[in-house]
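Enquirer:
Protein chains: 2
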Amino acid sequence: MTSRTPAETARDIPEATVARLPVYLRALISLIEHGISTCSSEELARAAGVNSAKLRKDLSYLGSYGTRGVGYDVAYLRYQIAREIGVTQDWPVVIVGIGNLGHALANFSGFRSRGFRVVALLDADPARQEESVSGIRIRPFDHLETIVAEHSVAIGVIATPAHAAQDVADHMVTSGIRSILNFAPTVLSVPEGVDVRKVDLSIELQILAYHEQRKTQGESA
Amino acid sequence: MTSRTPAETARDIPEATVARLPVYLRALISLIEHGISTCSSEELARAAGVNSAKLRKDLSYLGSYGTRGVGYDVAYLRYQIAREIGVTQDWPVVIVGIGNLGHALANFSGFRSRGFRVVALLDADPARQEESVSGIRIRPFDHLETIVAEHSVAIGVIATPAHAAQDVADHMVTSGIRSILNFAPTVLSVPEGVDVRKVDLSIELQILAYHEQRKTQGESA
DNA sequence: CTCGGTTTGTTCTCAGGTTCACAAACTCCT
DNA sequence: AGGAGTTTGTGAACCTGAGAACAAACCGAG
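The listed protein sequences derive, respectively, from chains P and U.
The first sequence lines up with residues 19 to 239 when you count with our numbering.
The second sequence lines up with residues 19 to 239 when you count with our numbering.
If you want it as structure tokens, here you go:
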């Protein structure tokens, strides 16, 4: 059987699996670019950096898209995962806080090619509102609500300093944004129903430092 | 009274806890800046965005640094966590790939204040080697091995395009680097004993898109 | 010194995620 | 057509992590 109607496909996929689906998607695209049209779970798993059992179990949550004894049709699986994630059409995104990091994000071509379209760059500093980055003019932060309504923006990116982040998040929520990617090194509090994901550069480094310390510990002693 | 010798303190801290220690550290620093010298697990947990039971359990892996009926001495706990993570002294770091993101990372002041010191910026493109970013000149990529040896660099950051990342990682490993923070959207393969952490902007957005899609699904139907 | 109030550290239980291992299902060759 | 060889999908065991709940330990008042 396996998912006759689209509405029945998405059931309850474990969070850990959801976090890996984009990795599989990227691996599949890479395979396509290399002209590979079929692959086994073993091959795809290697390309994605996981083991094959986990890959197969992850895919089994989406449905039964492989063929036993053969493997997976790369293009077909790619479409199915993209559909499951929801990146078959582009999502409009706004970026708030166009400092160093904001610039880098605005210029990042990967967003465009992976299902996202930057519709606006916002900054509270009037001095920055003269500039434009990769063809998009920087606009005043208080245009947020208008822009969100106009473009049906559902996803916001915060790249401001830490002290401004909570205020930006509050405005995003009142404007109707329900998914936030936060690069500011601070804990955001948002109402129920709003998703926040955090990317924190120095935390990642500190985690590495911890392990590094344990490695070198034995030697120096 | 728990952990006489330093060698006995660090035992086997769960990975999930390690990932949260930097968050606690930041919350403690914030409390210090607000002039708070003592706090309960409840207060610290709120500042860190976790629940208090989890916080207490996490801290219990490090030792017994609180006082029942009172709470935690903020400054003392801050030092203990910093020591556990290993950021009481600065770690030298090199950044390879000084494009948009590399620039942003090089300018990011948070590294400096959180236990890391950027000792070199490297790029393979000779055109970029004229520039200097936040006072550090960009040097040719093949200086890597010399720099790593000279400054005892243990941590490397990759901010190159995807196609160059594996080659950079290989060179880092041969130079003696054993911890890598990878911003390039690709899976790195490294020998045993080398840690890689990955930060992938579009994957984070895709995870948000998945949940966003599920939220809006009910409405549009 | 004792008692009430407070907060930590820890134990126990449960949920979620990973890995193993194998039956089911497919292809290809003879 | 049948059998050998592959590869998927999944049931079950195992491991890691989260949360509730409580005993142990501390403070301060009287």
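We put the CB at the ideal spot given by N, CA and C, even for glycine.
The structure presented is a predicted model; accordingly, all values stated were derived computationally and were not measured.
Measure the alpha-carbon distance for ARG232/U versus ARG101/P and round it to whole angstroms.
Expert: ARG232/U and ARG101/P: Cα-Cα distance of roughly 12 Å.
Enquirer: Using 8 Å for Cβ pairs, my map puts GLY174/P next to ILE195/P. What's the rounded Cβ distance?
Expert: With 8 Å as the limit, GLY174/P and ILE195/P qualify as a contact, their Cβ atoms being about 4 Å apart.
Enquirer: For ARG135/P, is the classification buried or exposed, using 16 other Cβ atoms within 10 angstroms of its Cβ as the cut-off for buried?
Expert: It counts as exposed.
Enquirer: Along chain U, which residues have their Cβ under 7 Å away from the Cβ of LEU119/P?
Expert: Those are ALA122, listed as they occur along chain U.
Enquirer: Compare the C-beta of LYS72/U with all C-beta atoms of chain P and state if any pair is closer than 9 Å.
Expert: Closer than 9 Å: no.
Enquirer: When burial is assigned at 16 or more other CB atoms within 10 Å of the CB, is TYR228/P buried or exposed?
Expert: Buried.
Enquirer: Do ALA66/P and ALA45/P come within 9 Å of each other at the CB atom, strictly closer than that value?
Expert: Their beta carbons are under 9 Å apart, which means ALA45/P touches ALA66/P by this criterion.
Enquirer: Could you name the residues of the same chain whose beta carbon sits closer than 7 Å to that of PRO24/P, not counting the 5 residues immediately before and after it, in chain order?
Expert: Because PRO24/P sits at a pLDDT of 37, beneath the cut-off of 50, its placement in the model cannot be relied upon, and the following sentence gives the value as read from the coordinates. No residues qualify anywhere along the chain.
Enquirer: Between the alpha carbons of GLY81/U and HIS181/P, how many angstroms are there, rounded?
Expert: About 32 Å.
Enquirer: Ignoring anything shorter than 4 residues or poking outside the stretch 20 to 69 of chain U, list the alpha helix (DSSP H) runs there in chain order.
Expert: The stretch 20 to 69 of chain U contains these whole alpha helix (DSSP H) runs: 24 to 27, 33 to 51 and 59 to 66.
Enquirer: Taking 9 Å as the cut-off, decide whether the C-beta atoms of PRO203/U and GLY211/P are in contact.
Expert: Contact: no.
Enquirer: Which of the three DSSP states is assigned to TYR90/P in this structure?
Expert: Here TYR90/P sits in strand by DSSP.
Enquirer: Tell me whether GLY133/U sits in a helix, a strand or coil according to DSSP, three-state version.
Expert: It is coil, neither helix nor strand.
Enquirer: From SER78/U to GLN107/U, what distance separates their C-alpha atoms?
Expert: If you take the alpha carbons of SER78/U and GLN107/U, they lie about 24 Å apart.
Enquirer: Could you give the first and the last residue of the continuous alpha helix (DSSP H) run that contains ASP185/U?
Expert: Counting along the chain, the alpha helix (DSSP H) containing ASP185/U begins and ends at 180 to 193.
Enquirer: Buried or exposed for ALA145/U, please, with buried defined as at least 16 other CB atoms from any protein chain shown within 10 angstroms of its CB.
Expert: The residue in question, ALA145/U, is exposed, as its Cβ has fewer than 16 Cβ neighbours within 10 Å.
Enquirer: Beta carbon of VAL273/P, beta carbon of GLY115/P: below 9 Å?
Expert: Residue 273/P lies beyond the stretch modelled for chain P, which goes from 19 to 239, so this question has no answer here.
Enquirer: Could you list which residues in chain P have their beta carbon closer than 7 Å to that of SER197/U, in chain order?
Expert: Correct list: LEU226, HIS229 and GLU230.
Enquirer: Which residues of the stretch 60 to 85 of chain U have a Cβ closer than 8 Å to any Cβ of chain P? Give them in chain order.
Expert: So the list reads ALA65, ALA66 and GLY67, given in the order they occur along the chain.
Enquirer: Between which two residues does the alpha helix (DSSP H) holding GLY120/U run?
Expert: 118 to 125 is the span of the alpha helix (DSSP H), which, as asked, contains GLY120/U.
Enquirer: Beta-carbon within less than 7 Å of LEU49/P's beta-carbon, same chain only, minus the 5 sequence neighbours each way: which residues are those?
Expert: Same-chain partners within the cutoff: CYS57, ALA65 and VAL92.
Enquirer: Is there a Cβ of chain P sitting closer than 9 Å to that of LEU162/U, yes or no?
Expert: Taking Cβ atoms only, chain P never reaches closer than 9 Å to LEU162/U, which makes this a no.
Enquirer: Let me know the secondary structure DSSP gives PRO158/U once reduced to three states.
Expert: Here PRO158/U sits in strand by DSSP.
Enquirer: Closer than 8 Å between beta carbons: that is the criterion. Which residues of the stretch 34 to 47 of chain U meet it against chain P?
Expert: Answer set for the stretch 34 to 47 of chain U: VAL36, ALA37, LEU39, PRO40, VAL41, LEU43, ARG44 and ALA45.
Enquirer: Going along the chain, which residues of its own chain have a beta-carbon closer than 6 Å to the beta-carbon of ARG215/U, five neighbours each way excluded?
Expert: Around ARG215/U: LEU199.
Enquirer: Comparing the C-beta of ALA172/U with each C-beta of chain P, is any distance below 9 Å?
Expert: Yes, ALA172/U lies at the interface with chain P (some Cβ there is under 9 Å from its Cβ).
Enquirer: Thinking C-beta only, is HIS189/U closer than 9 Å to GLU163/U?
Expert: Closer than 9 Å, so yes.
Enquirer: With 16 other CB atoms within 10 Å as the buried threshold, where does THR178/P fall?
Expert: With 16 or more Cβ atoms within 10 Å of its Cβ, THR178/P is classed as buried.
Enquirer: Does any residue of chain P bring its CB to less than 9 Å from the CB of SER21/U?
Expert: Residue confidence is low: SER21/U scores 31 on pLDDT, short of 50, so the model does not pin down where it sits. Its coordinate-derived value is still stated next. Answer no: the Cβ-Cβ gap between SER21/U and chain P never drops below 9 Å.
Enquirer: Going along the chain, which residues of the stretch 124 to 138 of chain P sit with their C-beta nearer than 7 Å to a C-beta in chain U?
Expert: Cβ contacts with chain U come from ASN125, PHE126, GLY128, PHE129, ARG132, GLY133 and PHE134.
Enquirer: Under 9 Å between C-beta atoms, does ILE221/U make it to chain P?
Expert: Output row for ILE221/U: interface = yes.
Enquirer: Beta carbons nearer than 7 Å to chain P: which residues of the stretch 185 to 217 of chain U have them?
Expert: Residues ARG196, SER197, LEU199, PRO203, VAL205, ASP213, ARG215 and VAL217.
Enquirer: Determine the DSSP secondary structure at VAL171/U, reduced to helix, strand or coil.
Expert: Three-state result, VAL171/U: coil.
Enquirer: Any beta carbon of chain U sitting closer than 9 Å to that of VAL105/P?
Expert: Yes, VAL105/P counts as interfacial toward chain U.
Enquirer: Starting from the C-beta of ALA142/U, find all residues in its chain whose C-beta is less than 6 Å away, skip the five residues before and the five after it, and write them out in chain order.
Expert: So the qualifying residues of the chain are PHE159.
Enquirer: Where does HIS52/U land, buried or exposed, given buried means 16+ other C-beta within 10 angstroms?
Expert: The residue is exposed, with fewer than 16 neighbouring Cβ atoms inside 10 Å.
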